[in-house]
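So the sequence lines, in the order shown, correspond to chains A and B.
Going by the numbering used here, the letters in the first sequence line up with residues 1 to 190, in that order.
Going by the numbering used here, the letters in the second sequence line up with residues 191 to 380, in that order.
In this text, a Cβ means the ideal position worked out from N, Cα and C, and glycines have one as well.
Note that the coordinates shown come from a computational prediction; the quantities given were computed from them, not determined experimentally.
Reading through the structure tokens given below for one structure.
There are 2 protein chains.
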Amino acid sequence: MCKQPQTVSFTLPGWVRDFSADIPSGMSVEQRMAIVIEAARQNVLRRTGGPFAAAVFEINSGKLVALGVNLVTTQGLSMLHGEMVALSLAQRERNTWNLGEDVAHELVTSTEPCAMCLGAVCWSGVTRVVSGASEADARALGFDEGPKPENWQLELQQRDIEVIPEILRDDAVKVLQAYRQQGGVVYNSR
Amino acid sequence: MCKQPQTVSFTLPGWVRDFSADIPSGMSVEQRMAIVIEAARQNVLRRTGGPFAAAVFEINSGKLVALGVNLVTTQGLSMLHGEMVALSLAQRERNTWNLGEDVAHELVTSTEPCAMCLGAVCWSGVTRVVSGASEADARALGFDEGPKPENWQLELQQRDIEVIPEILRDDAVKVLQAYRQQGGVVYNSR
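This is the structure we're talking about:
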């Protein structure tokens with residue numbers, strides 16, 4: 001075969017560094033979600049990816065570990081949903097593939113995880129998922145969430161992962177709507 | 191917050207380059223699977239990751255586009271299942287996040303995709319999945335496949351993705367067994 005690439009890398013858009021630089025610890029769950037939804041909104045406005053963002057926080061301290069945004073179209077990899085970006089950046093920051101080793105971590109995501117990100121949550125070591133827009137919201141705007149079990153929240157709970165759904169849901173939906181209004185690509189929605 | 195990483199990268203172990211260098215086109219589905227299972231076996235022997243490998247081929251020509259192996263523990267990212275590595279390397283090789291754009295591509299994987307990889311398949315653009323060991327085989331050896339719908343094959347078919355399961359299944363199971371016998375880590379099997 002022709003020589004295949006040996007390395008894959010992806011990089012956040014430059015604005016994320018400034019955006020995430022001054023975020024304080026100790027925020028409430030709603031405040032954490034507001035940050036994530038604003039990141040999703042900025043990702044649409046700046047046209048750096050899809051209308052989704054996610055972040056890993058330390059649950060107890062509320063410290064932000066890593067903020068990610070959807071980078072599928074701009075970084076050229078279909079796996080780069082906001083959740084995957086946030087989880088992998090957090091694992092680099094913590095220098096471990098298991099965020100459940102020591103301090104408890106949560107994933108805060110602007111829209112319910114799709115099938116891929118739901119699985120990724122289970123392998124990541126996070127012990128809580130906080131989500132904004134629901135699967136129904138995403139589907140109503142043309143985003144396929146993929147082959148997910150209907151009882152996904154129960155599936156996570158059975159793996160000792162708490163779920164807090166529909167935090168600031170209306171604000172999260174507005175970002176999805178803004179993306180559609182801007183004519184953003186809804187990719188691979190077969 | 192402290193400065194988060196801005197980039198994530200991962201790299202195949204060096205032996206994969208040599209292993210994949212001389213693989214001919216035009217192989218049957220069984221021959222393609224045999225290559226993938228041998229890569230999984232090498233990944234165990236050389237202790238470069240878990241007992242799983244996957245590859246993206248052009249369906250019609252049988253040309254290998256990218257070979258991936260599980261790199262979770264050695265590269266420190268929980269998302270690096272063999273399928274995710276192969277799909278992302280193939281998207282880099284083809285310079286697109288959608289492997290369904292032009293030539294038809296398939297994912298050949300030594301074990302049925304877990305929940306994460308099942309979702310990733312849907313977003314990748316591949317139009318066929320060929321798998322070896324089954325979910326039951328993986329579970330019997332302690333590997334959790336995550337929150338997957340029971341009718342996952344139907345879910346893929348409904349998205350115009352063909353599934354060819356249990357190709358060289360016994361050979362694939364032997365690699366899982368070898369990993370357990372070697373004392374390999376079965377991570378995050380809560």
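I'd like to know whether the C-beta of residue i is nearer than 8 Å to at least one C-beta of chain A.
i, result
"residue 309 of chain B", "yes"
"residue 372 of chain B", "no"
"residue 314 of chain B", "yes"
"residue 368 of chain B", "no"
"residue 318 of chain B", "no"
Opposite residue i in the DSSP bridges: which residues?
i, result
"residue 354 of chain B", "B:320"
"residue 67 of chain A", "A:55"
"residue 8 of chain A", "B:200"
Answer yes or no: does any C-beta atom of chain B fall closer than 8 Å to that of residue i?
i, result
"residue 36 of chain A", "no"
"residue 175 of chain A", "no"
"residue 110 of chain A", "no"
"residue 65 of chain A", "yes"
"residue 136 of chain A", "no"
"residue 133 of chain A", "no"
"residue 172 of chain A", "no"
"residue 139 of chain A", "no"
"residue 237 of chain A", "The requested residue 237 of chain A is not part of the displayed model; chain A covers only 1 to 190."
Compare the Cα-Cα distances from residue i to each of the options and report the closest residue.
i, options, result
"residue 97 of chain A", "A:126, A:17, A:19, A:116", "A:126"
"residue 103 of chain A", "A:65, A:142, A:32", "A:65"
"residue 204 of chain B", "B:228, B:262, B:225, B:233", "B:233"
"residue 290 of chain B", "B:265, B:350, B:375", "B:350"
"residue 133 of chain A", "A:87, A:177, A:84", "A:177"
"residue 136 of chain A", "A:116, A:167, A:130, A:112", "A:112"
"residue 25 of chain A", "A:146, A:12, A:59, A:72", "A:59"
"residue 345 of chain B", "A:89, A:144, A:158", "A:144"
"residue 140 of chain A", "A:73, A:180, A:85", "A:180"
"residue 260 of chain B", "B:356, B:229, B:297, B:246", "B:229"
"residue 6 of chain A", "B:337, B:206, B:194", "B:206"
"residue 244 of chain B", "B:328, B:266, B:275", "B:275"
"residue 28 of chain A", "A:4, A:57, A:10, A:79", "A:57"
"residue 153 of chain A", "A:129, A:173, A:172", "A:129"
"residue 223 of chain B", "B:258, B:284, B:198", "B:258"
"residue 30 of chain A", "A:115, A:183, A:110, A:122", "A:110"
Could you tell me which chain D residues have their CB closer than 7 Å to the CB of residue i, listed as they occur along the chain?
i, result
"residue 155 of chain A", "In the structure shown, chain D does not exist; the protein chains are A and B."
Would you say the beta carbon of residue i is closer than 7 Å to some non-hydrogen atom of the ligand ATP?
i, result
"residue 241 of chain B", "Ligands displayed in this structure: none; no statement on the ligand ATP is therefore possible."
Residues of the region 1-34 of chain A with a CB closer than 7 Å to any CB of chain B: list them in chain order, please. Per Cβ criterion, the list reads 1, 4, 5, 6, 7, 8, 9, 10, 11, 12, 17, 20, 23.
Selection of the region 73-89 of chain A by Cβ proximity to chain B, strictly under 9 Å: For the region 73-89 of chain A, which is checked against every Cβ of chain B, the residues closer than 9 Å are 73, 75, 76, 77, 78, 79, 80, 81, 84, 85, 87, 88, 89.
As an exercise, report each continuous alpha helix (DSSP H) stretch of at least 4 residues that is fully enclosed by the region 272-333 of chain B, in chain order. Scanning the region 272-333 of chain B from its first residue to its last, the whole alpha helix (DSSP H) runs of 4-plus residues come out as 272-284, 305-314, 325-330.
Given a limit of 7 Å on CB to CB distance, which residues of the region 38-56 of chain A reach chain B? Per Cβ criterion, the list is empty.
Listed from N- to C-terminal order along the chain, which residues in the region 94-108 of chain A have their beta-carbon within a distance smaller than 9 Å of any beta-carbon of chain B? Under the 9 Å Cβ criterion, the region 94-108 of chain A contributes 95, 96, 97, 98, 99, 100.
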